[in-house]
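So for the sequence shown, full-length UniProt numbering puts the first residue at 1; every next one is plus one. In this text, a Cβ means the ideal position worked out from N, Cα and C, and glycines have one as well. In this text the structure is predicted, and so the values were computed from the model without any measurement. This report refers to the structure that appears directly beneath it.
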Amino acid sequence: MFMFWLIASTLVAACMATAMIFIRMRAARQPASIKKIILPPFFMSTGAFMFIFPVFRVEWTQVIEAVAVGMLFSIFLIRTSKLEVRDGDIYLKPSKAFVFILFGLLILRVILKLIIGQTISFGETSGMFFLLALGMILTWRLAMLRQFLRLEKTLET
Numbered sequence: 001m002f003m004f005w006l007i008a009s010t011l012v013a014a015c016m017a018t019a020m021i022f023i024r025m026r027a028a029r030q031p032a033s034i035k036k037i038i039l040p041p042f043f044m045s046t047g048a049f050m051f052i053f054p055v056f057r058v059e060w061t062q063v064i065e066a067v068a069v070g071m072l073f074s075i076f077l078i079r080t081s082k083l084e085v086r087d088g089d090i091y092l093k094p095s096k097a098f099v100f101i102l103f104g105l106l107i108l109r110v111i112l113k114l115i116i117g118q119t120i121s122f123g124e125t126s127g128m129f130f131l132l133a134l135g136m137i138l139t140w141r142l143a144m145l146r147q148f149l150r151l152e153k154t155l156e157t
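Here you go:
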């Protein structure tokens with residue numbers, strides 16, 4: 001049963017990574033905005049309702065570990081997410097490395113899931129990987145917001 005959930009969750013993550021690549025390519029064609037930067041983590045945060053169910057709950061040490069690993073992983077996304085000024089607007093500059101980093105993180109996630117999944121339950125693993133993803137996306141988007149605000153100030157002057 002564990003192997004089924006591992007394969008299913010990996011396929012879902014691969015589909016999400018592929019979708020992120022296409023979303024990122026489309027986003028590069030439109031000006032960035034504060035709303036476009038901060039809304040994705042808010043939308044994702046609704047997934048925290050999973051912790052209402054006891055099967056998904058994790059210890060506080062696991063919360064700290066998962067969020068810290070997510071913040072560490074976000075460094076790769078922050079390094080490949082550059083904003084630039086074009087025609088008086090701020091745009092996300094496309095990066096060829098983003099695709100490789102996204103799929104590299106997916107592979108690393110699967111390996112970690114295999115290792116962690118042997119010692120803790122599927123529900124706890126799911127909870128930890130949700131927190132990892134939330135920590136990664138929140139940190140990445142905060143860094144993008146900071147960069148956006150800095151560029152916006154230069155546009156105003």
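Pull the bridge partners of ILE90 from the DSSP assignment, please.
VAL85
When burial is assigned at 16 or more other CB atoms within 10 Å of the CB, is TRP60 buried or exposed?
exposed
Which residues mark the beginning and the end of the alpha helix (DSSP H) in which ALA68 is found?
Start and end: 60 to 80.
Rounded C-alpha distance that separates SER71 from ASP87
Inspection of the sequence shows that residue 71 is occupied by Met rather than by Ser. Between MET71 and ASP87, the C-alpha separation is close to 33 Å.
Would you say the segment 142 to 156 touches the segment 47 to 62, given that touching needs at least three Cβ pairs under 8 Å?
no
Run through DSSP, which three-state label would GLY135 get?
Correct three-state label for GLY135: helix.
Under 8 Å between the Cβ atoms of VAL85 and LEU131?
no
Through-space distance from ILE90 to PHE4, alpha-carbon basis:
44 Å
Look at ILE115 and MET128 and say whether their C-beta atoms are less than 8 Å apart.
no
From what residue to what residue does the alpha helix (DSSP H) around PRO41 run?
34 to 45
Inter-residue Cα distance where the pair is LYS93 and LEU106:
22 Å
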